[in-house]
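Comments concern the structure below.
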Amino acid sequence: MEISHLGVVQDRLKDKKVLVVLDGVDKFVQLDAMAKETLWFGPGSRILITTQDQKLFRVHGINHIYKVDFPGANEALQIFCMYAFGQKFPKDGFEELAREVAHLSGELPLGLRVMGSYFRGMSKKEWIKSLPRLKTSLDPDIQSVLKFSYDALDDKDQDLFLHIACFFNGEEINNVEAYLAKKFLEVTQRLNVLVEKSLIYFEYGKVNMHSLLQKLGIEIVRKQSIHDPGQRQFLVDGIEICEVLTGDTTGSKSIIGIDFDYHGTGEELDISERAFEGMSNLQFLRFNGSRNTYKLSQV
């Protein structure tokens with residue numbers, strides 16, 4: 197049966213038992229056009245919808261919802277190995293490397309597929325050489341897919357996303373709401389918007405963001421000023437923070453947060469007396485000097 201256009205779906209299929217799969221729905225109008233009412237299809241029909249926006253289900257009165265969780269560590273390794281080695285387990289000598297890359301992929305199926313395909317056919321030496329870059333940057337293919345959800349946010353929600361990615365990932369929900377109440381009107385509602393769009397999640401009373409989405413946010417902020425970190429909203433890289441605080445470069449009123457983990461540097465930081473003079477909009481500081489303690493301050 198050929199359906200020439202969506203306007204005849206109801207008439208042509210109302211007596212047919214069909215399976216309808218709507219994958220990657222991100223707009224209300226898409227559901228309205230393709231499956232607005234269950235009466236459009238015959239008795240016994242099944243309609244499967246996938247989306248990152250949970251609000252779509254609520255608006256259309258869809259109550260049978262299954263949340264797809266991330267695969268466990270062993271399953272993630274199998275997925276990665278299928279793309280990297282063409283089998284469900286690592287080749288001899290690649291066991292630890294495969295587990296590390298699967299972990300860096302955040303156990304996200306998209307990341308596992310892209311990373312597995314990237315490493316396929318590489319030598320062990322090439323794997324080892326590529327690992328440092330993976331720890332700090334995001335693969336362009338993964339970035340382009342994840343950024344689609346970020347770009348769909350309004351300006352304020354995008355700004356909140358960057359705050360969480362660069363500074364508040366893993367913080368107590370109540371603290372995040374208190375710290376950002378002046379910056380974002382209806383901050384609680386905006387946090388819930390990010391939850392509905394699967395960009396963050398609440399767990400054990402904390403705001404959490406997937407590691408790959410966090411890398412996306414950090415990369416977006418880095419591109420605000422690639423060569424002059426002092427012109428960005430947030431500073432999170434230890435080397436760049438040292439440059440700004442010791443006087444090798446200067447901070448500006450663009451900076452609103454500094455998250456500095458200097459654990460293991462092995463040397464004392466000599467902060468310039470004028471380091472903070474230009475940071476008139478600085479609001480948040482976190483200096484982490486050990487694995488177990490940190491100080492979060494609101495300026």
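Residue numbers for the sequence shown follow our numbering, beginning at 197 and rising by one.
All C-beta atoms, glycine included, are put in the ideal place defined by N, C-alpha and C.
Quantities reported herein were computed from a predicted structural model and do not represent experimental measurements.
Comparing C-alpha distances from aspartate 335 to each of Ser407, Ser319 and Asp355 shows the shortest one belongs to Ser407.
Per DSSP, the beta-bridge partners of aspartate 457 are Asn484.
By the Cβ rule, the segment 302-315 counts as touching the segment 265-285, because three or more pairs are nearer than 8 Å.
Boundaries of the beta strand (DSSP E) harbouring leucine 215: 215-218, taken from the DSSP string.
Here DSSP, grouped into helix, strand and coil, assigns glutamate 296 to helix.
In the three-state reduction of the DSSP assignment, leucine 334 falls in the coil class. Between the beta-carbon of phenylalanine 430 and that of glycine 453 there is about 5 Å, and that keeps the pair under the 8 Å contact cut. Apart from sequence neighbours up to five positions away, the residues of its chain that approach glycine 302 with a beta-carbon distance below 6 Å are His406, Ser407 and Leu408, ordered along the chain.
Here the C-alpha atom of isoleucine 437 lies approximately 11 Å from the C-alpha atom of aspartate 424.
Annotated three-state conformation of lysine 210 is coil, per DSSP. In this structure, the CA atom of arginine 418 is about 16 Å from the CA atom of serine 340. Put simply, of Asp211, Ser448 and Gly426 the residue whose alpha carbon is nearest the alpha carbon of glutamate 439 is Gly426. As far as DSSP is concerned, tyrosine 346 takes part in no beta bridge.
Counting along the chain, arginine 418 sits inside the alpha helix (DSSP H) bounded by residues 407-418.
The three-state reading of DSSP puts isoleucine 360 in helix, counting H, G and I together. Closest by C-alpha distance to isoleucine 396, out of Lys321, Leu376 and Ala361, is Ala361.
In the DSSP assignment, arginine 316 falls outside any alpha helix (DSSP H) and carries neither an H nor an E.
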